[in-house]
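Below is one structure; the comments refer to it alone.
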Amino acid sequence: MLELLINPYIQTILKVIFLIFLVVLPSAALLTLMERKWSALIQDRRGPGRANIGKFTFLGIFHILADGMKLALKEDFYPAGTNRFLFTIAPYFGFFSAVTLFALLPITSPLGNFTFQIVDVNIGILMILAYMSFSIYGAVLAGWSTDNKYGMLGAVRASAQMISYEVFLGVSLLGLLVVYNSLRISDIVAGQNEYWFNGLIPKWGILTQPIGFLIFFTAILAEMKRAPFDAPEGESEIVAGFFIEYSGMRFALFFLAEYISLVGMAMLISTLFLGSYHFPWLLDAGFKLGSLPLVELPQWLVVFLRFITFGGKVLFCCWLIISIRWSLPRFKFDQIMKLGWNRLMPLGILNLIITILVTLLF
Amino acid sequence: MKVKVVTRDVGFLGKFYLPAVLMGLWLVSRHFFANLLFNKMTVTINYPEVKRPIAKRWRGRHRLTRHENGFIKCVACFLCEEICPANCIHIKSAEMPFDKSVEKYPSVFDIDELRCIFCGLCVEACPKDAIRMDTEIVSLAFTDRKKFDYTRNLLLDEAPDNKHTKYTNVPLPTSIEEALPNSKGVVADDLTN
Numbered sequence: 080m081l082e083l084l085i086n087p088y089i090q091t092i093l094k095v096i097f098l099i100f101l102v103v104l105p106s107a108a109l110l111t112l113m114e115r116k117w118s119a120l121i122q123d124r125r126g127p128g129r130a131n132i133g134k135f136t137f138l139g140i141f142h143i144l145a146d147g148m149k150l151a152l153k154e155d156f157y158p159a160g161t162n163r164f165l166f167t168i169a170p171y172f173g174f175f176s177a178v179t180l181f182a183l184l185p186i187t188s189p190l191g192n193f194t195f196q197i198v199d200v201n202i203g204i205l206m207i208l209a210y211m212s213f214s215i216y217g218a219v220l221a222g223w224s225t226d227n228k229y230g231m232l233g234a235v236r237a238s239a240q241m242i243s244y245e246v247f248l249g250v251s252l253l254g255l256l257v258v259y260n261s262l263r264i265s266d267i268v269a270g271q272n273e274y275w276f277n278g279l280i281p282k283w284g285i286l287t288q289p290i291g292f293l294i295f296f297t298a299i300l301a302e303m304k305r306a307p308f309d310a311p312e313g314e315s316e317i318v319a320g321f322f323i324e325y326s327g328m329r330f331a332l333f334f335l336a337e338y339i340s341l342v343g344m345a346m347l348i349s350t351l352f353l354g355s356y357h358f359p360w361l362l363d364a365g366f367k368l369g370s371l372p373l374v375e376l377p378q379w380l381v382v383f384l385r386f387i388t389f390g391g392k393v394l395f396c397c398w399l400i401i402s403i404r405w406s407l408p409r410f411k412f413d414q415i416m417k418l419g420w421n422r423l424m425p426l427g428i429l430n431l432i433i434t435i436l437v438t439l440l441f
Numbered sequence: 006m007k008v009k010v011v012t013r014d015v016g017f018l019g020k021f022y023l024p025a026v027l028m029g030l031w032l033v034s035r036h037f038f039a040n041l042l043f044n045k046m047t048v049t050i051n052y053p054e055v056k057r058p059i060a061k062r063w064r065g066r067h068r069l070t071r072h073e074n075g076f077i078k079c080v081a082c083f084l085c086e087e088i089c090p091a092n093c094i095h096i097k098s099a100e101m102p103f104d105k106s107v108e109k110y111p112s113v114f115d116i117d118e119l120r121c122i123f124c125g126l127c128v129e130a131c132p133k134d135a136i137r138m139d140t141e142i143v144s145l146a147f148t149d150r151k152k153f154d155y156t157r158n159l160l161l162d163e164a165p166d167n168k169h170t171k172y173t174n175v176p177l178p179t180s181i182e183e184a185l186p187n188s189k190g191v192v193a194d195d196l197t198n
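As you go down the protein sequences, you meet chains X and S in turn. To convert a position in the first sequence, counted from 1, into my numbering, add 79. To convert a position in the second sequence, counted from 1, into my numbering, add 5.
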């Protein structure tokens, strides 16, 4: 039995099952409710809280069940004129790209030989970028196959926006790669636990690459098609954009993929720029601030503290993304393109040049 | 054609929308945390459990008032039925058998609350202060249309949420003996004897 657990293949399968069923799906399902609740708090409302079992509402947590049941019981509908094959496969692209992201991101530091990361490939960041581009297919195929003009408009907007923002995403990450000198995720994570000034200030991505962080964050918002870059879905103009004709569980796939990718992107931001699972001054052996003596901690406690830290960072990033949705109005499509190509692109290249110069000189 | 050119100088940082984003985030997070931690700015009321306080002159569902001896105050003068613009009051009068200080009383007093427009003219028309709209019952909602036809006794006190009625769920006195002892009504001799 123990030999089975040590087998790396079995371990990987167990990790995938654990991650999908205990981290990804629950957090995405919770976020569907949390977004509504947080939006309500921001707008001085109370938010959903009526769904109940008996007398218990638990702050509206049963709305997740109610929504799921409603979507599951809805009619599976093909509008006239759809390309059935493309219509059927389109939702899975977004879902696939959202879920695969989790394979590459560690949720806490290794415990002994056991890593809390499914795969640690040496082209980690390239793989993430490749998977992220997959969600464009979902949007384009969904809009194209529905034979609906709103859907088509949404698909065109989505593809133009996502393809161009992928460029800035790459440019902003280049600076990070120069600083940490690796494409491997675990190297970038380890690099963020080094310190400046004799162990005082951690070398987190947001401190080494502040401009890169801003560009990356903006590009991430545009990649996820979230407000203020939600022109592809723009309710007031093109109803729902590319998934306008979808209903029932196929719509639920789009909906769930959006929230899974929200969690995934929050994890990506925290991994690359917010020091991943590292808590400041918490080393592998224990706490050490500057030249003060080391406070030793057992390894399992360090791993657990880092897991909590990572969860907190992801939660903060989710909150930030949702808050930005309510603080900015939607950009016009030309404004999206202008912000990208006229401002973020030159800024990103400038940031890259400065980063390279500083890295070479010091 | 004359065109008014509006120049907006947002500055260098403003072109990246950064100050606007930060200001927006500040506003949003202020509301978020104030509501999350202290529930201060929330204006929504959990309606069926918590009710908004309403003004004293709010015109709610009608009720019919009683004398202190338990007799109905209404004398079936038909003024309210006459003035009602929605024609929702239906009265049938009968001779008052016990209390001889009045001639008539309503044997039937029905209000169709579905037709009622809650204008309050019936209350103003009443010379005896027999009909009022101060029950503070704001919403009438039933699954059956017939439940909107309020009969005389429902208007008096049988409605469970009729909180201003003093004699809630006490039946109308059917004889003078049942009337309360401190009756102010003048009783005719031939009935008491």
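Glycine is no exception: its CB is placed at the ideal position from the N, C-alpha and C atoms.
Tell me whether the beta-carbon of residue i lies closer than 8 Å to the beta-carbon of residue j.
i: phenylalanine 352 of chain X; j: glycine 284 of chain X; result: yes
i: phenylalanine 181 of chain X; j: valine 103 of chain X; result: yes
i: glutamine 271 of chain X; j: histidine 357 of chain X; result: yes
i: cysteine 131 of chain S; j: proline 90 of chain S; result: no
i: proline 111 of chain S; j: arginine 68 of chain S; result: no
i: serine 444 of chain X; j: serine 340 of chain X; result: This structure cannot speak to residue 444 of chain X, because chain X is shown only from 80 to 441.
i: alanine 169 of chain X; j: alanine 336 of chain X; result: no
i: arginine 35 of chain S; j: isoleucine 142 of chain S; result: no
i: alanine 310 of chain X; j: isoleucine 415 of chain X; result: yes
i: leucine 30 of chain S; j: serine 402 of chain X; result: yes
i: glycine 128 of chain X; j: glycine 139 of chain X; result: yes
i: threonine 297 of chain X; j: leucine 431 of chain X; result: no
Measuring only the C-alpha atoms, how far is residue i from residue j?
i: valine 95 of chain X; j: isoleucine 89 of chain X; result: 10 Å
i: aspartate 194 of chain S; j: glutamate 108 of chain S; result: Per-residue confidence for aspartate 194 of chain S stands at a pLDDT of 41, beneath the threshold of 50, marking its modelled position as unreliable; no derived number is given.
i: glycine 230 of chain X; j: arginine 62 of chain S; result: 53 Å
i: tryptophan 398 of chain X; j: leucine 83 of chain X; result: 40 Å
i: leucine 23 of chain S; j: leucine 41 of chain S; result: 26 Å
i: serine 224 of chain X; j: threonine 161 of chain X; result: 5 Å
i: glycine 190 of chain S; j: phenylalanine 83 of chain S; result: Bear in mind that the predicted position of glycine 190 of chain S carries a pLDDT of just 46, short of 50, making it too unreliable to give a figure here.
i: asparagine 192 of chain X; j: isoleucine 85 of chain X; result: 10 Å
i: glycine 233 of chain X; j: leucine 279 of chain X; result: 48 Å
i: isoleucine 99 of chain X; j: leucine 109 of chain X; result: 14 Å
i: leucine 196 of chain S; j: aspartate 115 of chain S; result: Reliability of the predicted coordinates at leucine 196 of chain S is poor, the pLDDT of 39 falling under 50, and the value obtained from them is presented with this limitation in mind. About 29 Å.
i: phenylalanine 97 of chain X; j: proline 185 of chain X; result: 13 Å
i: leucine 394 of chain X; j: alanine 345 of chain X; result: 8 Å
Residue i touches chain X at which residues, Cβ-Cβ below 9 Å?
i: glycine 29 of chain S; result: Ser402, Ile403, Trp405, Ser406 and Leu407
i: proline 41 of chain S; result: For the record, residue 41 of chain S in the displayed sequence is leucine; it is not proline. The answer, in chain order, is Trp117 and Leu120.
i: phenylalanine 5 of chain S; result: Absent from the structure is residue 5 of chain S, since the part of chain S shown begins at 6 and ends at 198.
i: methionine 138 of chain S; result: The contacting residues do not exist; methionine 138 of chain S stays about 31 Å from chain X at best.
Around the Cβ of residue i, are there at least 16 other Cβ atoms within 10 angstroms (buried) or fewer (exposed)?
i: arginine 13 of chain S; result: exposed
i: methionine 138 of chain S; result: buried
i: lysine 392 of chain X; result: buried
i: valine 33 of chain S; result: buried
i: serine 315 of chain X; result: exposed
i: asparagine 92 of chain S; result: exposed
i: valine 8 of chain S; result: exposed
i: lysine 152 of chain S; result: exposed
i: serine 188 of chain X; result: buried
i: tyrosine 244 of chain X; result: buried
i: tryptophan 275 of chain X; result: exposed
i: arginine 329 of chain X; result: buried
i: methionine 241 of chain X; result: buried
i: serine 144 of chain S; result: exposed
Tell me the DSSP secondary structure of residue i in three-state form.
i: aspartate 266 of chain X; result: helix
i: isoleucine 428 of chain X; result: helix
i: arginine 66 of chain S; result: coil
i: tryptophan 223 of chain X; result: helix
i: lysine 116 of chain X; result: helix
i: glycine 391 of chain X; result: helix
i: tryptophan 420 of chain X; result: helix
i: proline 111 of chain S; result: strand
i: phenylalanine 410 of chain X; result: coil
i: phenylalanine 195 of chain X; result: coil
i: aspartate 149 of chain S; result: coil
i: alanine 39 of chain S; result: helix
i: leucine 439 of chain X; result: helix
i: aspartate 146 of chain X; result: helix
Could you list which residues in chain X have their beta carbon closer than 8 Å to that of residue i, in chain order?
i: valine 26 of chain S; result: Ile403, Ser406 and Leu407
i: lysine 20 of chain S; result: Arg422
i: leucine 32 of chain S; result: Ser406
i: methionine 46 of chain S; result: Asp123
Using a C-beta to C-beta distance shorter than 7 Å, which residues of chain X count as neighbours of residue i?
i: threonine 49 of chain S; result: Arg124 and Arg125
Against residue i, what residues of chain S qualify as contacts under a CB-to-CB distance less than 8 Å, listed in chain order?
i: isoleucine 132 of chain X; result: The contacting residues do not exist; isoleucine 132 of chain X stays about 18 Å from chain S at best.
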